[in-house]
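Residues in the sequence shown are numbered from 325 upward in steps of one, following our numbering.
What follows is a set of notes on a single structure, which appears directly below.
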Amino acid sequence: MVGNKRLLLLTNSDFGQANVVLATAHELGLACQDVEIHIASFQDLRGGIEGTSWGPATKRPETAIFETLELTPGPLNSAKGIAILPAVMIPWSPKEFLDIYKETGRVFDEAKPDLTIVEPLFTQGLTYCHYRSGVRWMVLSPNTIKEFAVLLQPKLAALWKYPMQVMFLNRQVRFYANITKYVLFMAGYTLLTDTRLKTTTEILHKEIDPSIALMTMVELGVLKPAPPGLPILVASSPDIDYPFSIVPPQLTLCGPII
Numbered sequence: 325m326v327g328n329k330r331l332l333l334l335t336n337s338d339f340g341q342a343n344v345v346l347a348t349a350h351e352l353g354l355a356c357q358d359v360e361i362h363i364a365s366f367q368d369l370r371g372g373i374e375g376t377s378w379g380p381a382t383k384r385p386e387t388a389i390f391e392t393l394e395l396t397p398g399p400l401n402s403a404k405g406i407a408i409l410p411a412v413m414i415p416w417s418p419k420e421f422l423d424i425y426k427e428t429g430r431v432f433d434e435a436k437p438d439l440t441i442v443e444p445l446f447t448q449g450l451t452y453c454h455y456r457s458g459v460r461w462m463v464l465s466p467n468t469i470k471e472f473a474v475l476l477q478p479k480l481a482a483l484w485k486y487p488m489q490v491m492f493l494n495r496q497v498r499f500y501a502n503i504t505k506y507v508l509f510m511a512g513y514t515l516l517t518d519t520r521l522k523t524t525t526e527i528l529h530k531e532i533d534p535s536i537a538l539m540t541m542v543e544l545g546v547l548k549p550a551p552p553g554l555p556i557l558v559a560s561s562p563d564i565d566y567p568f569s570i571v572p573p574q575l576t577l578c579g580p581i582i
């Protein structure tokens with residue numbers, strides 16, 4: 325294995341996220357004999373990161389995520405859906421987040437990868453790679469193209485053409501565009517004022533570096549454009565996704581991956 329390129333894949337252990345990472349690693353292992361592949365995840369995936377993966381953390385009562393999924397359609401419940409966005413991005417307590425962040429750094433230092441690939445709900449991995457200088461990294465997402473392209477569409481199409489995941493509406497209605505605008509504005513306000521994001525950022529500033537910035541999937545295109553030049557692999561295809569006038573050049577559409 326001397327001289328081989330080292331590849332580190334960081335993923336949660338939940339199969340909705342990990343399946344795409346595992347399938348990609350398997351194919352790379354078959355196709356590339358000169359690549360040493362390392363997969364870091366939580367205990368449920370028999371990985372080397374100590375802590376609680378994203379899925380189990382989201383099922384805690386304080387996140388209220390699964391209770392929200394059972395709400396009936398309607399504008400009021402759209403607002404309730406917006407309220408859980410921070411918990412979706414960070415279902416961990418600030419101390420848990422910090423511990424997993426440090427574990428991510430430990431794994432990175434041990435693996436010494438030439439390239440690191442992160443799935444977008446592994447927020448600690450996104451934050452670590454974005455903060456640490458000199459890291460070559462990219463994102464591998466099981467999500468749709470929309471999450472990364474909607475903000476770049478012409479004529480402010482994000483406000484009227486494409487629905488958000490938390491839109492609790494069961495059919496197209498005449499005032500749909502207005503509701504979409506309100507939901508987007510509520511989402512932005514929630515993410516700017518949420519204490520979960522604030523306290524997690526504070527502990528990172530205290531324990532890691534005052535200049536470190538928390539990076540979640542929101543910063544990959546959901547409500548903010550992704551960092552320029554960050555490669556993003558998307559396990560989707562234009563044939564099975566929404567139609568888009570603009571697809572960011574940093575996106576590589578390589579789906580479906582199963």
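Every residue gets a Cβ at the ideal spot worked out from N, C-alpha and C, and that includes glycine.
Taking the Cα positions, residue 423 is about 26 angstroms away from residue 349. Closest option to residue 582, judged by alpha-carbon separation, among 333, 346, 331 and 334: 346.
Approximately 13 angstroms separates the beta-carbon atoms of residue 414 and residue 514; this is outside 8 angstroms, ruling out the contact. The DSSP-derived three-state label of residue 546 is coil. For residue 413, the enclosing alpha helix (DSSP H) has its first and last residue at 409 to 413. Cβ contact annotation for residue 521 (same chain, cutoff 6 angstroms, sequence separation greater than five): 410, in chain order. Straight across, the Cα-Cα distance linking residue 455 with residue 536 is about 6 angstroms. Ranked by how close their Cα comes to the Cα of residue 442, the residues 425, 375, 464 and 355 have 464 in first place. Counting other Cβ atoms within 10 Å of its Cβ, residue 356 stays below 16 and is therefore classed as exposed. In the DSSP assignment, residue 462 is bridged to 441. Nearest Cα to residue 542 within the set 445, 328, 354 and 556: 445.
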